[in-house]
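Residue numbers (the numbering used here): -7 to 366. Note that the Cβ used here is the ideal one computed from N, Cα and C, for glycine as well. Here is the structure we will look at.
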DNA sequence: TACTCGTGGAG
DNA sequence: TCTCCAAGAGT
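The structure is reproduced here in structure tokens:
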């Protein structure tokens, strides 16, 4: 794919002109320092702008500088991240902040390779930070740029193919203007987000519609090539809300894997508790077996208390929740903990388990309504 | 290369 | 209700 000077001019000039009037006013654009741009770029990975905005404000308020972030315990950072998903981002963010403080004296690295060596920062994120915040000139290749370039240059091949991806990086690099490259990067991302959308692009409002290859060929809906949808499995999970006095039993998930480092109500996958062969056991029986095996606890539950359906990236979950009050508050060791009801919501929970926290909170305030099912 | 890793909004 | 998917990176 060639990109001569004329093509470049027909793309970048109208785009930047369009951005001057149609660009979005986003909070991190008022804070051009590397730290704020860094936080925004990490939060925006696979996450929509409208979701990120409130998190961005809260995060910057809690941790105004990279030093504040590095000094905070990981668990507090995860609490700030609660509900945003992809929690490895928060763990990497915290680790990277510590590294920047220790290795660079708290000054943000201004070198692409140095930045990319930090956890959670790939080529695109590093390029965006240096270009937008420091005025350097690096290409990016995120979902917006990939889609806009595939359409503008009418690339019909699969953009996830290594060869095509390399070509897109080259194009992204070749199109970078010498003047105000950071301005241009934000322009092309805005175009992808508001005009050149995945579905039903608004070609009539596009500043480069006349030179767009896909538009000319009428292939806007077919470019970029979509990957075939894959069936994802469904699993049944159980969780137990164990109350004793004014405390609740919770458990911290391991620091690797799904929802790493978050707290949850103890339980497991039903098939994991019984073994794969006996899948027809009831969730309630599974929960009893789990508590007997893990904690030597004989539960008495009165039917399902909540049912929570949740969809992860690669599987669907039905979470069967049971509630039970016990007398003795046994001193369980990590990763288990008895949390006072009032401090429960200070722990970071996954979205599905946080729904249990909220329900528990209304029950707690409600006073005597206690353990009735509904 | 292919899989893992969340969530909520839009249509 | 179902499907798609949003400023990717790590393994």
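Starting from residue i, follow the alpha helix (DSSP H) in both directions and report where the run begins and ends.
| i | result |
| --- | --- |
| residue 180 | 173 to 186 |
| residue 58 | 58 to 63 |
| residue 90 | 80 to 96 |
| residue 164 | 154 to 167 |
| residue 122 | 115 to 126 |
Whose CA, out of the options, lies closest to the CA of residue i?
| i | options | result |
| --- | --- | --- |
| residue 38 | -2, 193, 77 | 77 |
| residue 318 | 155, 236, 346, 190 | 236 |
| residue 314 | 285, 327, 258 | 258 |
| residue 339 | 2, 62, 75, 5 | 75 |
| residue 448 | 276, 170, 58, 63 | Residue 448 lies beyond the range of the chain shown here (-7 to 366); nothing can be said about it. |
| residue 220 | 80, 264, 150 | 150 |
| residue 255 | 71, 97, 9, 47 | 71 |
| residue 162 | 138, 179, 180 | 138 |
| residue 331 | 347, 244, 273, 266 | 244 |
| residue 303 | 343, 320, 335, 274 | 343 |
| residue 228 | 58, 267, 249, 199 | 267 |
| residue 133 | 152, 40, 41, 288 | 152 |
Under 6 Å Cβ to Cβ from residue i, same chain only, skipping five residues before and after it: list those, please.
| i | result |
| --- | --- |
| residue 291 | 280, 283, 316 |
| residue 364 | Below a pLDDT of 50, predicted positions are generally treated as unreliable, and residue 364, at 41, falls in that range; no measurement from the model is reported. |
| residue 100 | 26 |
| residue 69 | 82, 86 |
| residue 206 | 143, 146, 212, 215 |
| residue 310 | 228, 301 |
Please list the terminal residues of the continuous beta strand (DSSP E) segment that includes residue i.
| i | result |
| --- | --- |
| residue 200 | Here residue 200 belongs to no beta strand (DSSP E), and DSSP marks it neither H nor E. |
| residue 294 | Per DSSP, residue 294 belongs to no beta strand (DSSP E) and is neither H nor E. |
| residue 274 | That residue, residue 274, is in no beta strand (DSSP E); it is neither H nor E in DSSP. |
Assuming residue i and residue j form a contact by the criterion Cβ under 8 Å, report the distance between their Cβ atoms to the nearest whole angstrom.
| i | j | result |
| --- | --- | --- |
| residue 121 | residue 33 | 6 Å |
| residue 177 | residue 124 | 6 Å |
| residue 293 | residue 276 | 6 Å |
| residue 166 | residue 0 | 7 Å |
| residue 79 | residue 252 | 6 Å |
| residue 333 | residue 240 | 6 Å |
| residue 136 | residue 179 | No, residue 136 and residue 179 are not in contact; Cβ-Cβ is about 10 Å, not under 8 Å. |
If we call anything under 8 Å between Cβ atoms a contact, is residue i one with residue j?
| i | j | result |
| --- | --- | --- |
| residue 296 | residue 312 | yes |
| residue 130 | residue 104 | yes |
| residue 190 | residue 9 | no |
| residue 111 | residue 88 | yes |
| residue 371 | residue 52 | Since the displayed the chain opens at -7 and closes at 366, residue 371 lies outside it and no answer follows. |
Output needed for residue i: all residues of its chain with C-beta closer than 8 Å, excluding positions within five of it in sequence on either side, in chain order.
| i | result |
| --- | --- |
| residue 50 | 72 |
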